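Residue numbers (our numbering), protein chains in the order written: chain A, 1 to 291; chain B, 1001 to 1350. Beta carbons are placed, not taken as given, at the ideal position from N, Cα and C, and that holds for glycine. If you're wondering where the values come from, they're calculated on a predicted model, not measured in any experiment. One structure is given here, and the rest of the page talks about it.
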Ligand SMILES: Nc1ncnc2c1ncn2[C@@H]1O[C@H](COP(=O)(O)OP(=O)(O)O)[C@@H](O)[C@H]1O
Ligand SMILES: [Mg+2]
C-alpha cells in the first residue's frame, strides 16, 4: 500500500533493512554472479580453468543430446512429483482441515515427519523398503506371490519420483491448508442449504477456492524437486542423473567447474522462468476473485 | 396447525445445555425474531432448523412433515449467514443462480429469476461483480437474494445486519422488512439487538441461557414483560424498591416519598419496574417521589435525565417538544400512571 505515511517512512525503512540487504548480496548475489561468469570460462584437463570469455560450455550443453536428456528427465520428474503431490495433497489437506482437536495435531506431525528426519536417513529408509531382492516390501510381496520379481525402485525414475513426492508432500498440504483456512467455515452449509450434495459442494464450491493454494504449492514442489540433489543422488545414483547431480559431478568428479557452472546456471534460469511464468498466470487468473 | 412447529427442541453439548426445551409455533408468512444476549442459544436453534446441528431431542415440523430426519440440502430453507458465506469465486449473479442450478431450473427461467432477485434487493447493476469487490451491505443483499431466489419455505437469518455500520443497518432493517412483506416468506431472524427485533418482527422470542423467557408481539413484550430479564433486555427500565399493602380492594404502593394506588393485589416488599419514557416531571407536591436532577443529556429528539431520589437513581426520557425542561440541580417530582408500573414481590415471588 502506498499511503503518504509509508512514503515518508521509506528512507528510514531502507536504512533499517540495509544490513539484511548487504548480507543477502554477499551470500546470494555475489556467488550467483561468480557462477554465471565461471560458466563462460575455459577448462582443459591439463590447463585447468582459464579465465577467458568463450561460449564453449554453452555450445556443448546445447549440442550434446546427453544434456538435453538430463534436463528433460529433471523436468519430467519435477512435473510428475508436482502432479502426485497435488492429487494426494489437496484431499489430505481437506481432511486435515476437518479433523478435530487432538487428531489434527497428531496428523500434522505425521505429515511433517519427513521434513523432521534427515534427508539421508529418510532416503535410506526408502532404499531399505524397496532396494533389490532383500528390500522389505519387495521381499514380502514376493513371499506372498503378488509379484514374481522385485519392483525396480533403486536407480529408477519411479523410485526418485516416489521418494521426492514423499518428502515434498508437506509443502503442498500446508499450502492447500492455508488456502482452506481462508474459506468461510459456513460455506459448505450455505451450499447445502441451496440444495447441493457433498460432491457438488466439493467440486463447485471448495475446489475452486483452493486452486490458488494447489498452484502455489505446485510451484514450491516443482522448484524443490527440479533442484533436488540428495534424493536423486542416493536413489538415482550414478546411473540416473538429473541436472543437480550432473552439475555436482562436473564440479567434484570431472573437476570441469565451468561446465558445471553452465549446467547450474541453466537449471536456475529454467526454474526462474517457469516459476515467474506460473506465478504471473495465477495472479492474472485469480486477481479478480482473490485480492 | 401452524406452518412451522418447534416442539420441545433441545440441544446439549456434553453436560452443557445450549437450548432447553424450546417450543414455538410459527404461522405462514410470519416474521419471528429470536432475541437474546450472546451465547443464549439463538444460532444453535436456527441451525437445528436449517439442519446443520442435530437436535438432542424434540421435533421440528414443517407443514406437518418431520424435518429432523431430512438432510439440510433437502429442506428447502433459505439461510443468510452472519458472515454471508458467499462463494468468492462466483459473481453476484452466479451466486444467486447456484441454488436454481441445484434445482435444475432451465437456463431462461434461471436468468430471469436471478435478475428479478437482484433487482428486488437493489443490486440490478451488480450482477457481474465478485463478492470481494462489494461493500458489506452489498454482500449482505447478495446473500439475501441467493436465499430468496429458491423460493424457500422458510427464510432463516442469523444476525444478518450485525456486520454493517449503524446507519446502513437501519436502512437495511426497513428494506428487509419491506422485502419480506413483498415476498411473504415465513422468516426467522436471530439477533441480539432488541431494537432490530422490535422493528422487524411480528413476534419476538426472548431467550436467555438456552431457555425461552417470553414469546410475544414486540409491543406486548415491551409493555408487559413476563420476567425481569425481559424487562431489562427490551429497552431500559427503572427498578425501584418499595412496599405494598392491600387496603379496601385497592393496593397502596409506597416508594420512598411517593405513593400510588394499584389494582394488583400484592402485599409486602415489592419491586416496581417503570420505563424511563413513562415518567413525567411535576412539582414536588406531597405524596410524590421527589429527586434532584444529576445529569441531563440532550439527544436531539429527546432528553435523557438521571435523577437522584430516595429510592435510588431514576432514568427519565422526555420527548423534546420545545417546552422548557428542568435543568441540572433542579428539584423535581416524578409521576407515572399506576398501570405503567409492573410490580413484583421483592423476594422473587410473582
Ligand atoms: N459445537 C459446540 N460445542 C460446544 N458448545 C457449543 C457449540 N456450539 C455452541 N456451543 C455453546 O452453546 C451456546 C449457545 O451458542 P449459540 O447458539 O451460538 O449462541 P448465540 O445465541 O450467541 O447464537 C454457547 O454458550 C456456545 O458456547
Ligand atoms: Mg449466534
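Could you name the residues of the region 1034–1057 of chain B whose beta carbon sits closer than 7 Å to any beta carbon of chain A, in the order they occur along the chain?
Here the close residues are 1050 and 1052.
With distances taken between CB atoms, is the gap from residue 1036(B) to residue 1042(B) smaller than 9 Å?
In this structure, residue 1042(B) lies closer than 9 Å to residue 1036(B) by Cβ.
Determine whether the Cβ of residue 19(A) lies closer than 9 Å to any Cβ atom of chain B.
No, because no Cβ of chain B sits closer than 9 Å to the Cβ of residue 19(A).
Would you say residue 1349(B) reaches chain A, if we count a Cβ-Cβ gap shorter than 9 Å as a contact?
Reliability of the predicted coordinates at residue 1349(B) is poor, the pLDDT of 49 falling under 50, and no value is obtained from them.
Give the interface partners of residue 205(A) over in chain B, defined as CB-CB distance under 8 Å, in chain order.
The contacting residues are 1087.
Touch check for the region 1105–1117 of chain B and the region 1131–1138 of chain B: three-plus C-beta pairs under 8 Å?
Per the Cβ contact rule, the region 1105–1117 of chain B is not in contact with the region 1131–1138 of chain B (fewer than 3 Cβ pairs under 8 Å).
Strictly closer than 5 Å from CB to any heavy atom of ligand 1: give me those residues in the order they appear in the chain.
That gives 1013(B), 1018(B), 1038(B), 1039(B), 1040(B), 1041(B), 1042(B), 1043(B) and 1044(B).
Proximity of residue 1325(B) and residue 1272(B) at Cβ, strictly below 9 Å
With a cutoff of 9 Å on beta-carbon distance, residue 1325(B) and residue 1272(B) are scored as not near each other.
If you count every other CB in all the chains shown that lies within 10 Å of the CB of residue 189(A), and 16 or more means buried, which is it?
Within 10 angstroms of the beta-carbon of residue 189(A) lie 16 or more other beta-carbons, which makes it buried.
Distance CB(residue 1156(B))-CB(residue 1188(B)) smaller than 9 Å
With contacts defined by Cβ atoms closer than 9 Å, residue 1156(B) and residue 1188(B) form a contacting pair.
Any Cβ of chain A within less than 9 Å of the Cβ of residue 1023(B)?
Among the residues facing chain A, residue 1023(B) is not included, as its CB has no counterpart in that chain under 9 Å away.
With a CB to CB cut of under 7 Å and the five nearest residues on each side skipped, what residues in its chain are close to residue 1129(B)?
Result list for residue 1129(B): 1091 and 1092, in chain order.
Just to confirm, does residue 186(A) get its C-beta within under 8 Å of one of the non-hydrogen atoms of ligand 2?
Incorrect: residue 186(A) has no Cβ contact closer than 8 Å to ligand 2.
Contact criterion: CB-CB distance below 9 Å. Does residue 1060(B) meet it with respect to chain A?
The beta-carbon of residue 1060(B) is placed no less than 9 Å from the nearest beta-carbon of chain A.
Residue-level contact to chain A via CB, residue 1102(B), 9 Å cutoff:
True, the Cβ-Cβ gap to chain A drops below 9 Å.
Give a yes or no on whether the C-beta atoms belonging to residue 197(A) and residue 90(A) are separated by under 9 Å.
No. Outside cutoff.
From residue 229(A) to residue 96(A), what does the alpha carbon distance come to, in whole angstroms?
The alpha-carbon separation between residue 229(A) and residue 96(A) amounts to approximately 30 Å.
Hey, how far is the Cα of residue 1032(B) from the Cα of residue 1016(B)?
Whole-angstrom Cα-Cα distance: 26 Å.
Close-in-space but distant-in-sequence residues of the same chain around residue 1301(B) (CB under 6 Å, 5 per side omitted):
Excluding residues within five positions, the ones whose Cβ falls inside 6 Å are 1320.
Looking at C-alpha atoms only, which residue of 191(A), 236(A), 278(A) and 259(A) is the closest neighbour of residue 1098(B)?
Out of 191(A), 236(A), 278(A) and 259(A), 191(A) has the C-alpha closest to the C-alpha of residue 1098(B).
Taking the continuous beta strand (DSSP E) assigned at residue 144(A), which residues delimit it?
For residue 144(A), no beta strand (DSSP E) segment is defined, and its DSSP state is neither H nor E.
Going by DSSP in three states, residue 1260(B) sits in which element: helix, strand or coil?
Here residue 1260(B) sits in strand by DSSP.
Using beta-carbon positions only, say whether residue 265(A) and residue 39(A) come within less than 9 Å of one another.
Cβ atoms of residue 265(A) and residue 39(A): closer than 9 Å.
In or out: residue 279(A) buried (at least 16 other Cβ within 10 Å) or exposed?
Classification of residue 279(A): exposed, given that the 10 Å Cβ count is below 16.
Quick one: complete beta strand (DSSP E) runs, 3+ long, within the region 231–281 of chain A?
Within the region 231–281 of chain A, no complete beta strand (DSSP E) run reaches 3 residues.
Taking only runs of the beta strand (DSSP E) that begin and end inside the region 1257–1325 of chain B, which ones reach a length of at least 3 residues, in chain order?
If we require 3 residues or more, the beta strand (DSSP E) runs fully inside the region 1257–1325 of chain B come out as 1258–1262, 1268–1274, 1280–1282, 1289–1298, 1302–1309 and 1312–1319.
Taking DSSP as the reference, what is the three-state secondary structure of residue 6(A)?
Because the pLDDT at residue 6(A) is just 48, under 50, the model does not fix this residue reliably, and the point stays unresolved.
Give, in chain order, every residue of the region 1148–1162 of chain B whose Cβ lies closer than 7 Å to some Cβ of chain A.
Result list: 1150.
Alpha-carbon to alpha-carbon, residue 24(A) and residue 165(A)
Each residue's Cα considered, the two are about 30 Å apart.
Report yes if the CB atom of residue 202(A) is closer than 9 Å to the CB atom of residue 94(A), and no otherwise.
Yes, the Cβ-Cβ distance between residue 202(A) and residue 94(A) is below 9 Å.
Label residue 1243(B) either buried or exposed according to how many other C-beta atoms from any shown protein chain fall within 10 Å of its C-beta, with 16 as the threshold for buried.
Exposed.
Which residues bound the beta strand (DSSP E) around residue 26(A)?
No beta strand (DSSP E) holds residue 26(A); DSSP gives it neither H nor E.
Could you pull out every residue in the same chain whose Cβ sits closer than 7 Å to the Cβ of residue 107(A), ignoring the five residues on either side in sequence?
Excluding sequence neighbours, residue 107(A) sits near 96 and 99.
For residue 1016(B), three-class secondary structure by DSSP
Note: residue 1016(B) maps to strand in three-state DSSP.
Start-end ranges of the beta strand (DSSP E) lying completely within the region 1055–1136 of chain B, minimum 3 residues
Here the runs fully enclosed are 1057–1062 and 1078–1080.
Check whether chain A comes within 9 Å of residue 1120(B), counting only Cβ atoms and requiring the distance to be less than that.
It does not: the Cβ of residue 1120(B) has no partner Cβ on chain A nearer than 9 Å.
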